[in-house]
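Residue numbers (our numbering), protein chains in the order written: chain A, 532 to 854; chain B, 745 to 1059.
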């Protein structure tokens, strides 16, 4: 197992390096940090001088190599926008995002597995049809639109209808002023962003879980278990459920990059200063150092997430352990 | 002890029923009639009620949006500051926005751009994806290696982030959207086609074609691709949905199209503050509804096509 993990890590290094070069090339050539000098008097000379200072006159590959080298030594540079250290900005932004990702994953998995197993066991029941209908709408619903509708229907509407002094769920930030920690206030802030972040994932994952559960329920060994008189509950949870989880793990791992995309949207709508908002601000300002570091950190995160998923296979299916 | 009923359906017979069998079973006592593939396809598709409704909805949306020049009640972007902006009424079915623009008109013109992006992206990415995927699957080798490695790269970075940067680079226009979205979308279709081609090319009839002296090109175009048409069409419809969602999301975030262009994303971006008041909620509701309706219809269309292209489908 350890060798397998090590091999996976070694394999992902070239992918990461090439990806970082492509991102560097894309981002570097999109923004021109000297554009602001061009309009000034004697612009051409200042631009040329600045380009030399920043190393922009050298080939992109050399520029990337310099940057990558610094990155490996832990020097992520300084933001063009805030003059703050990029590493500090990233770590600050990571905490709210990790909270959202964590609660989002827990919530989405629990709901998707629950709905999927229920729909499979009670196939073609009213509940199954209802969940199918809801998940079709969930899949068709863009994340940002769900966020807007959630604010309109769950925050604004109750306040105006019932003349509340404050809404049941909050739509700004993760804590009220002066509040912190795990308390009711936190949950009231967390509810809508987590729901928005995960609505598409829940819809897709529950369909997936339903399909794989149906597959397993029709397998020969489940029929054998039933034939020898194992109670329904044991058949479902001991024999079928664990095996039906394996395909879902793959989908969840592959979706981790998608979830981060959702984070960008969710944090923007609910004004949470996490990684997603950091990305948007950097993109709008043309903050190249932050953008570059952001892409690399996210890529590493996705690779780690995939690795964890691979290790979960081993836990779920003993046959995969011998590799 | 409870005895659970044998809920499993009997395992399907090892030899799949032929198309003629399935057709005969549907019309008991009928004479066997030779039907073309197209007739069979149409029969199976029309049996999928939701897909038929979906295609009607899509047609209405396409006619309404691309015919907005003739059908829209007011000229595009016409402001009327003299009227008080308000919700749906007889004169303004979808209400008016704070600039006094008729929302029905704006939604129709907005749909023009949103749908154009969706349809164009689906067309281009399908064409490129089928081409590359077929080559990669049939010949293998460096094309196959390159495709796999290349798509691996894009699995580790959120697509939304790549889109965001690429759009800033190419300019925030509808054509830039089409290029960028198609540039990312073809890879997905290529992978699907590659997988299909890999399995189809091992079938006996391909061997027979080769033994009969067919060239590789003829085998791919005449024998392999027609057998991959189902997954290709389904993924083309999914590409429409993905492109429409991507455009509206980026534009909503302020990274995409800008006025005086109009799209469903722009209308939703402009209506962002409307969610804090119940009286202006309609500004979000109508463009949002059109967006969901389009994606839902396209998804159902995909489902219908999947069943219709699969000769073994039962519903």
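Ideal Cβ positions, reconstructed from N, Cα and C, are used throughout, including at glycine.
- Query: Distance, Cα to Cα, residue 790 of chain A vs residue 714 of chain A?
  - Reply: What you label residue 790 of chain A is simply residue 259 of the first chain in a count that begins at 1. What you label residue 714 of chain A is simply residue 183 of the first chain in a count that begins at 1. When the Cα atoms are used, residue 790 of chain A and residue 714 of chain A turn out to be separated by approximately 25 Å.
- Task: Using the Cα positions of residue 970 of chain B and residue 552 of chain A, report the straight-line distance between them to the nearest angstrom.
- Result: The residue labelled residue 970 of chain B in the question sits at position 226 within the second chain. The residue labelled residue 552 of chain A in the question sits at position 21 within the first chain. For residue 970 of chain B and residue 552 of chain A, the distance between alpha carbons rounds to 39 Å.
- For the region 589-661 of chain A, list the alpha helix (DSSP H) runs that are entirely contained and at least 4 residues long, ordered along the chain. 591-603 and 617-652
- Message: List, in chain order, every chain A residue whose beta-carbon is nearer than 7 Å to that of residue 1003 of chain B.
- Response: Against the second chain, residue 1003 of chain B aligns to sequence position 259. Result: empty, since nearest Cβ-Cβ is about 17 Å, beyond 7 Å.
- Query: So residue 737 of chain A is in the alpha helix (DSSP H); what residue range does that whole segment cover?
  - Reply: Start at 1 with the first residue of the first chain, and residue 737 of chain A comes out as number 206. That run of the alpha helix (DSSP H) goes 715-748.
- With a cut-off of 7 Å, does the C-beta of residue 672 of chain A fall near any C-beta of chain B? Stepping through the first chain from its first residue, residue 672 of chain A is reached at position 141. With 7 Å as the cut-off, residue 672 of chain A counts as an interface residue toward chain B.
- Message: Only counting the same chain, and skipping five residues up and downstream in sequence, which positions put a Cβ closer than 7 Å to that of residue 920 of chain B?
- Response: If you number the second chain from 1, residue 920 of chain B lands on position 176. So the list reads 911 and 914, once near-sequence residues are dropped.
- Task: Pull out every residue of the region 798-809 of chain A whose Cβ sits closer than 8 Å to any Cβ of chain B, in chain order.
- Result: 799
- Message: Under 9 Å, CB to CB, which of the residues in the region 869-897 of chain B have a partner in chain A?
- Response: 893, 896 and 897
- Cβ atoms of residue 771 of chain A and residue 747 of chain A: under 7 Å apart, would you say? Here residue 747 of chain A refers to the residue found at position 216 when the first chain is read from its first residue. Here residue 771 of chain A refers to the residue found at position 240 when the first chain is read from its first residue. Yes, they are a contact pair.
- Item | Own chain, CB closer than 6 Å to residue 778 of chain A, minus 5 neighbours either side, in chain order | Taking the first residue of the first chain as 1, we reach residue 778 of chain A at position 247. Correct list, in chain order: 743.
- Would residue 788 of chain A pass as a contact of residue 840 of chain A if the rule is Cβ separation under 7 Å? On the first chain, residue 788 of chain A is found 257 positions in, with the first residue counted as 1. On the first chain, residue 840 of chain A is found 309 positions in, with the first residue counted as 1. No, Cβ-Cβ distance for residue 788 of chain A and residue 840 of chain A is not below 7 Å.
- Message: Against residue 984 of chain B, what residues of chain A qualify as contacts under a CB-to-CB distance less than 7 Å, listed in chain order?
- Response: If you number the second chain from 1, residue 984 of chain B lands on position 240. In chain order: nothing, as chain A lies at least about 12 Å away.
- With residue 793 of chain B as the anchor, note down where its alpha helix (DSSP H) starts and where it stops. Against the second chain, residue 793 of chain B aligns to sequence position 49. That run of the alpha helix (DSSP H) goes 793-810.
- So, do the region 795-813 of chain B and the region 1032-1047 of chain B have three or more beta carbon pairs nearer to each other than 8 Å? yes
- Consider the Cβ of residue 989 of chain B: report whether some Cβ of chain A lies at a distance smaller than 7 Å. Here the question's residue 989 of chain B lines up with position 245 in the second chain. Judged by the 7 Å Cβ criterion, residue 989 of chain B is in contact with chain A.
- Query: Mapping DSSP to helix, strand and coil, what is residue 537 of chain A?
  - Reply: Position 6 of the first chain, counting from 1, holds the residue named residue 537 of chain A. Reduced to three states, the DSSP call for residue 537 of chain A is helix.
- Can you give me, in chain order, the residues of the region 685-697 of chain A that have a beta carbon less than 7 Å from any beta carbon in chain B? 687, 688 and 691
- Message: Which same chain residues end up closer than 8 Å to residue 601 of chain A when comparing Cβ atoms and leaving out the 5 residues on each side of it in sequence?
- Response: What you label residue 601 of chain A is simply residue 70 of the first chain in a count that begins at 1. Here the set comprises 607 and 608.
- Select from B/981, B/905, B/965 and B/856 the residue whose C-alpha is nearest the C-alpha of residue 807 of chain A. As a position in the first chain, residue 807 of chain A is number 276, starting the count at 1. Minimum Cα distance to residue 807 of chain A is reached at B/905.
- Query: Listed in chain order, which residues of the region 584-612 of chain A have Cβ atoms closer than 9 Å to some Cβ of chain B?
  - Reply: Against chain B - using a Cβ distance shorter than 9 Å - the region 584-612 of chain A contributes no residues.
- Can you find a C-beta in chain B that's less than 7 Å from the C-beta of residue 814 of chain A? For the purposes of this step, residue 814 of chain A is identified with residue 283 of the first chain, where counting begins at 1. Chain B, which has a Cβ nearer than 7 Å to the Cβ of residue 814 of chain A, makes this yes.
- Query: With 16 as the cutoff for other CB atoms within 10 Å, does residue 540 of chain A come out buried or exposed?
  - Reply: Looking up residue 540 of chain A in the first chain gives position 9. Counting Cβ neighbours within 10 Å, residue 540 of chain A comes out exposed, since fewer than 16 surround it.
- Task: State the DSSP-derived secondary structure class of residue 848 of chain A, mapped to helix, strand or coil.
- Result: For the purposes of this step, residue 848 of chain A is identified with residue 317 of the first chain, where counting begins at 1. In the structure shown, residue 848 of chain A sits in coil (DSSP, three-state: anything other than H, G, I, E or B).
- Residues of the region 929-948 of chain B with Cβ closer than 9 Å to any Cβ of chain A, in chain order: none
- So, using beta-carbon positions, are residue 925 of chain B and residue 994 of chain B closer together than 7 Å? What you label residue 925 of chain B is simply residue 181 of the second chain in a count that begins at 1. What you label residue 994 of chain B is simply residue 250 of the second chain in a count that begins at 1. Result no, Cβ atoms of residue 925 of chain B and residue 994 of chain B do not sit closer than 7 Å.
- Query: Under 7 Å between C-beta atoms, does residue 997 of chain B make it to chain A?
  - Reply: Taking the first residue of the second chain as 1, we reach residue 997 of chain B at position 253. Taking Cβ atoms only, chain A reaches closer than 7 Å to residue 997 of chain B, which makes this a yes.
- Message: Taking the straight line between their C-alpha atoms, what separation do you get for residue 760 of chain A and residue 952 of chain B?
- Response: On the first chain, residue 760 of chain A is found 229 positions in, with the first residue counted as 1. On the second chain, residue 952 of chain B is found 208 positions in, with the first residue counted as 1. Computed Cα separation, rounded: 50 Å.
- Task: Determine the burial state of residue 813 of chain A: buried for a count of at least 16 other Cβ atoms within 10 Å of its Cβ, exposed for fewer.
- Result: For the purposes of this step, residue 813 of chain A is taken as the residue at position 282 of the first chain. Residue 813 of chain A comes out buried.
- Query: Is it the case that the Cβ atoms of residue 865 of chain B and residue 976 of chain B are separated by a distance below 7 Å?
  - Reply: Residue 865 of chain B sits at position 121 when you count from the first residue of the second chain. Residue 976 of chain B sits at position 232 when you count from the first residue of the second chain. Contact: no.
- Coarse secondary structure for residue 823 of chain B, derived from DSSP in three states: Looking up residue 823 of chain B in the second chain gives position 79. In this structure, residue 823 of chain B counts as coil in the three-state DSSP scheme.
- Message: Could you tell me the alpha carbon to alpha carbon distance between residue 667 of chain A and residue 554 of chain A, rounded to whole angstroms?
- Response: Here residue 667 of chain A refers to the residue found at position 136 of the first chain. Here residue 554 of chain A refers to the residue found at position 23 of the first chain. Rounded to the nearest angstrom, the two C-alpha atoms are 35 Å apart.
- Item | Rounded distance between the beta-carbons of residue 833 of chain A and residue 900 of chain B, thought under 8 Å | Taking the second chain and counting its residues from 1, the one referred to as residue 900 of chain B is at position 156. Taking the first chain and counting its residues from 1, the one referred to as residue 833 of chain A is at position 302. Indeed, because the Cβ distance is near 5 Å, the residues count as touching under 8 Å.
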